[in-house]
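**Q** Here's a structure for you.
Structure (structure tokens):
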């Protein structure tokens, strides 16, 4: 096996193991659906995110202790994703679609406390659009 292929396998296994160890938060969507999403609330977990995975399951919730301007990119992320930038009150401030392996930065236009990532296009069925509201039930995040 090529060294680059071994690296991809190792990254995928590490990402899966890290994801399995994350706490989960209950997220309620405008459609009425609820999902228990893995919580990336530490700098390390937020940096790893969904990178190295071939599938994203129900998605991931990124959280910070306070609102601020946030950015995402797709380096080492194999799957197209949609992201919703959400303020502390649960209001969706921005929704973006992101391409795999892209280095393009996707930033919030306003301060947010949360970002939810799901497989590209899933927000339509969940009713997530700019101005909609989600409920998030989980512990505090770390800086």
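Residue numbers (mature numbering (1 follows the signal peptide of the UniProt record, and there is no 0)): -20 to -1, 1 to 123.
C-beta atoms are modelled at their ideal positions from N, C-alpha and C, and glycine is treated no differently.
As the structure is a prediction and not an experimental result, all values here were calculated from the model.
Using DSSP with H/G/I as helix, E/B as strand and the rest coil, what is residue 80?
**A** coil
**Q** Just verifying my parser: in three-state terms, what is the DSSP assignment at residue 17?
**A** DSSP places residue 17 in strand when its eight states are reduced to three.
**Q** Roughly how many whole angstroms lie between the Cα atoms of residue -8 and residue 77?
**A** Interpretation of residue -8 is limited by its pLDDT of 45, a score under 50 that renders its predicted location unreliable; the figure taken from the coordinates is listed afterwards. Rounded to whole angstroms, residue -8 to residue 77 spans 25 Å at the Cα level.
**Q** Pick from 33, 12 and 89: whose alpha carbon is nearest that of residue 50?
**A** 89
**Q** One question on the structure: do residue 10 and residue 47 come within less than 7 Å of each other, judged by their Cβ atoms?
**A** no
**Q** Would you give the residue range spanned by the alpha helix (DSSP H) that residue 106 belongs to?
**A** 103 to 106
**Q** Just the C-alpha distance for residue 44 and residue 118, rounded to the nearest angstrom, thanks.
**A** 12 Å
**Q** If you count every other CB in all the chains shown that lies within 10 Å of the CB of residue 18, and 16 or more means buried, which is it?
**A** buried
**Q** Sorry if obvious, but does the Cβ on residue 62 come closer than 6 Å to a heavy atom of the ligand NAP?
**A** Looking for the ligand NAP in the displayed structure turns up nothing, as the structure carries no ligands at all.
**Q** What is the C-beta distance between residue 7 and residue 116, in whole angstroms, given that I count them as a contact (C-beta under 8 Å)?
**A** 6 Å
**Q** How far does the alpha helix (DSSP H) with residue 28 in it extend, from its first residue to its last?
**A** Where residue 28 is concerned, the enclosing alpha helix (DSSP H) stretches over 23 to 28.
**Q** Could you work out which residue in 61, 2 and 30 is closest to residue 103 when comparing CA atoms only?
**A** Residue 61 is the option with its Cα nearest to residue 103.
**Q** Apart from the five residues just before and just after residue 42, which ones in its own chain have a Cβ nearer than 6 Å to its Cβ?
**A** Excluding its 5 nearest sequence neighbours in each direction, residue 42 has C-beta neighbours in its own chain below 6 Å: 20, 26 and 95, listed in chain order.
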